[in-house]
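Chemist: So the sequence shown is numbered by UniProt numbering: it starts at 1 and just counts up by one.
Note that the Cβ used here is the ideal one computed from N, Cα and C, for glycine as well.
Keep in mind it's a predicted model, so treat the numbers as computed, not measured.
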Amino acid sequence: MTGDDVTQMLDEEGADTAGTDGRRSLSLQQKIAIGVALALGCAGAAWAAFGDESTSVDSQVISFKVNNSESTTLTFNVTKPESMTVRCEVEALSHSYVQVGFVALDVGPSDAARQIVSIDIPTTETAVSAVVRSCEPASS
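(1) Going by Cα to Cα distance, which pick from N77, F64, S56 and Y97 is closest to I121?
(2) Touching or not, the region 112 to 132 and the region 78 to 98, by the rule of three or more beta carbon pairs under 8 Å?
(3) For my contact list, A37 and K80 are in at a C-beta cut-off of 8 Å; report their separation, rounded to the angstrom.
(4) Would you mind listing the beta strand (DSSP E) stretches within the region 43 to 105 that are 3+ residues and don't spill past its ends, in chain order?
(5) Among T55, G41, V100 and D111, whose alpha-carbon lies nearest the alpha-carbon of S69?
(6) Closest by CA to T75, which one among D111, T85, Q60 and V107?
(7) Tell whether a beta-carbon distance below 8 Å holds between L105 and I119.
(8) Run through DSSP, which three-state label would T126 get?
(9) How would you label V6, buried or exposed, when you count the other beta carbons within 10 angstroms and need 16 or more for buried?
(10) So what does D111 bridge to, in DSSP terms?
(11) For I62, which of V78, T55 and S71 has the nearest alpha-carbon?
(12) How would you label Q98, buried or exposed, when you count the other beta carbons within 10 angstroms and need 16 or more for buried?
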C-alpha cells in the first residue's frame, strides 16, 4: 500500500480532517457545541450581572442624623417592584462599629419603584453612623 492509497482511503472514509498546515480541524458538531457553550456562558454572565429585574431590590443611604444618645434618624432610598413589599433591616453603629440600635421595617407597595424612607432608630448609646443592613422581598 502506497502513501497515495492511504490518503485515498482516509478521504473516502471521511476521517481525514487535517487542515492544510497539518493540524486537525474541528468537525461541524464540535463547532456547534463550542458555539452553544459560549452562548450559554454569555447568557449566564448577563443574568448574573443584571439579575432578575422583576424581583430586584436595592437600597442606598441618603443621610443619617444623630439626634442624641438615644436616637439616630436614617433616610434611605428603596428601589423595588411597585407591587412588592420588602423587609429592611437598619442599624446604628458606635465608633467601634458595634451595633447600638436596630430596626426591622416593612416597605410596602407604592405607585413608584423608588421610595424614600426615613426611620428613627432607638439607640443604647450615641451612634456615629447608621446603615441599611439589608432589604429583601418580604416572605408571605
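Modeler: With the structure as the only source:
(1) Looking at the Cα atoms, F64 is the closest of the given residues.
(2) Touching, yes, given that three or more Cβ pairs across the two stretches are closer than 8 Å.
(3) Contact between A37 and K80 does not hold, since their C-beta atoms are separated by about 35 Å, which reaches or exceeds 8 Å.
(4) Taking only runs of at least 3 residues, the beta strand (DSSP E) segments lying wholly in the region 43 to 105 are 58 to 68, 71 to 79 and 86 to 93.
(5) Comparing alpha carbon positions, the residue from T55, G41, V100 and D111 closest to S69 is V100.
(6) Taking each of D111, T85, Q60 and V107 in turn and checking the Cα distance to T75, the smallest one comes out for Q60.
(7) The beta carbons of L105 and I119 sit closer together than 8 Å.
(8) Three-state result, T126: coil.
(9) Note on V6: pLDDT 47, under 50, position unreliable in the model; the coordinate value appears next. Exposed, because fewer than 16 other Cβ atoms sit within 10 Å of the Cβ of V6.
(10) For D111, which the question treats as bridged, DSSP gives no partner whatsoever.
(11) Selected option, being the one with the closest Cα: V78.
(12) Correcting the residue identity first, residue 98 is Val in this sequence and not Gln. Counting Cβ neighbours within 10 Å, V98 comes out exposed, since fewer than 16 surround it.
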